[in-house]
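Chemist:
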Amino acid sequence: MIDEWRQRRAMKRIRPGDGRPLPRFRWWQQVSRSLFSLELRGADGRRIVYAVDVRHMGDQDGRVLAQLYLDGRHHATSKVPAAFPVEGGVIEVAASMFGLKRCHYVTQDGGEAQLVPDRASAAGRRARLGRDHPALSRLVGSVSVLLLVLGVVVVALELLDVVGRIPPVVDRYGGFRAPVQPPLWVTVAAGLGAVSASIERGLRLRYHWLLDGAAS
6 MIDEWRQRRA MKRIRPGDGR PLPRFRWWQQ VSRSLFSLEL RGADGRRIVY AVDVRHMGDQ
66 DGRVLAQLYL DGRHHATSKV PAAFPVEGGV IEVAASMFGL KRCHYVTQDG GEAQLVPDRA
126 SAAGRRARLG RDHPALSRLV GSVSVLLLVL GVVVVALELL DVVGRIPPVV DRYGGFRAPV
186 QPPLWVTVAA GLGAVSASIE RGLRLRYHWL LDGAAS
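Structure (C-alpha cells):
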C-alpha cells in the first residue's frame, strides 16, 4: 500500500479527463499496454465500472501516465505512481520497467483488492492460466523466482570482481576476484532469463525490490 504522504502527493498530480471513450485492447498491445478494471456500487446502488489504462512506452514526452475511465469514458489522468479517489477508497497504480507492479483498490478501512485485467491482455491471459491450470501456474511462478535468483547471483559475482579491482581496494587489501567467474554466455543467458521472469511476474503484479530490481 502507498503510504499516506505519497498518496496525497500522488493525488496532486491528477488532472481531469476529457470524456473520450476507452479504446479497445488490441492484440499487438500485449507488451506496451496494461488495462485493468474494477466494478463498484455507487451510493445509490448503481453499478459503476472503473478502468485503468497504462501505456508503458509513455507519451510524446516519455511520461508514463495512468488513465482512469469511468463507465467507459475518460475520467482522470495522472503520472505514475498514481492514486485515484473513487467510491469507498482509492485506486493505486505503480509501474516498474517490466509493467505494472501495483493496480489495487484500497478501501477506507485499509482492505485492498487487485483490479481485474482485461481478458485480451497478456495479464488477463496469465490470470486465466492461473485459474484453469493452477499447478502449471505455480510451476511457472517458481521458475521465474529461480531465474531471478540466478540473475542476482551473477550480478553479485560481477560486482564483486569489479570492486576487487578498484585501486583503493587493491592498495588496502591486495585486491581479490570473485570465486566463480561465469562465462559470457552464462551472463547473457542469466540476464535474458531474469528479464523474462520479471515480465512474467509483472503480469501478476508481483515485484521485489532486489530480485526484479536487479533484472532492470
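For the sequence shown, the residue numbers in my numbering are 6 to 221.
Even for Gly, the Cβ is constructed at its ideal location relative to N, Cα and C.
Predicted, not measured: the structure shown is a model, and the values here were computed from it.
(1) Please report how far the alpha carbon of residue 126 lies from the alpha carbon of residue 32, in whole angstroms.
(2) Using the Cα positions of residue 11 and residue 69, report the straight-line distance between them to the nearest angstrom.
(3) For my contact list, residue 207 and residue 105 are in at a C-beta cut-off of 8 Å; report their separation, rounded to the angstrom.
(4) I'd like to know if the region 94-105 and the region 136-153 are in contact, where contact means that at least 3 CB-CB pairs between them fall below 8 Å.
(5) Report the option in 41, 108, 100 whose CA atom is closest to the CA atom of residue 29.
(6) Starting from residue 204, trace the alpha helix (DSSP H) both ways and give me its first and last residue.
(7) Is it right to say residue 5 is buried, meaning 16 or more other beta carbons lie within 10 angstroms of its own, or is it exposed?
(8) Leaving out the 5 sequence neighbours to the left and right, which residues in its chain are closer than 8 Å to residue 20 when beta-carbon positions are compared?
(9) Report yes if the CB atom of residue 98 is closer than 8 Å to the CB atom of residue 59, and no otherwise.
(10) Kindly list the residues whose CB is nearer than 6 Å to the CB of residue 61, restricted to its own chain and excluding five residues on each side of it in sequence; keep chain order.
(11) Look up residue 89 in the DSSP assignment and give the residues it is bridged to.
(12) What residues are listed by DSSP as bridge partners for residue 84?
(13) Would you mind sorting residue 100 into buried or exposed? The rule is 16 or more other CB atoms within 10 Å of its CB.
(14) With 16 other CB atoms within 10 Å as the buried threshold, where does residue 171 fall?
(15) From what residue to what residue does the beta strand (DSSP E) around residue 1 run?
Modeler: Checking against the coordinates, here is how it stands:
(1) Reading the sequence shown from its first residue, position 121 is the one you call residue 126. Reading the sequence shown from its first residue, position 27 is the one you call residue 32. Between the alpha carbons of residue 126 and residue 32 lies a gap of roughly 7 Å.
(2) Walking along the sequence shown from the start, residue 11 turns up at place 6. Walking along the sequence shown from the start, residue 69 turns up at place 64. About 17 Å.
(3) Position 202 of the sequence shown holds residue 207. Position 100 of the sequence shown holds residue 105. Right, the Cβ-Cβ distance comes to about 6 Å (below 8 Å), so this counts as a contact.
(4) Contact between the region 94-105 and the region 136-153 is absent, because fewer than three Cβ pairs lie under 8 Å.
(5) Counted from its first residue, the sequence shown places residue 29 at position 24. Measuring from the Cα of residue 29, the nearest candidate turns out to be 41.
(6) For the purposes of this step, residue 204 is identified with residue 199 of the sequence shown, where counting begins at 1. 189-208 is the span of the alpha helix (DSSP H), which, as asked, contains residue 204.
(7) The structure shown does not extend to residue 5, since the chain spans only 6 to 221, so no value can be given for it.
(8) Position 15 of the sequence shown, counting from 1, holds the residue named residue 20. Counting only Cβ-Cβ distances below 8 Å, and skipping sequence neighbours, we find 81, 82, 83.
(9) Stepping through the sequence shown from its first residue, residue 98 is reached at position 93. Stepping through the sequence shown from its first residue, residue 59 is reached at position 54. Yes, Cβ-Cβ distance for residue 98 and residue 59 is below 8 Å.
(10) One-based indexing of the sequence shown puts residue 61 at position 56. Closer than 6 Å at Cβ, skipping near neighbours: 37.
(11) Mapped onto the sequence shown, residue 89 falls at position 84. Bridge partners of residue 89: 96.
(12) Here the question's residue 84 lines up with position 79 in the sequence shown. Beta-bridge pairing links residue 84 to 70.
(13) Counting from 1 along the sequence shown, the entry for residue 100 is found at position 95. Per the 10 Å Cβ criterion, buried.
(14) Walking along the sequence shown from the start, residue 171 turns up at place 166. Classification of residue 171: exposed, given that the 10 Å Cβ count is below 16.
(15) As shown, the chain starts at 6 and ends at 221. That puts residue 1 outside it, with no answer to give.
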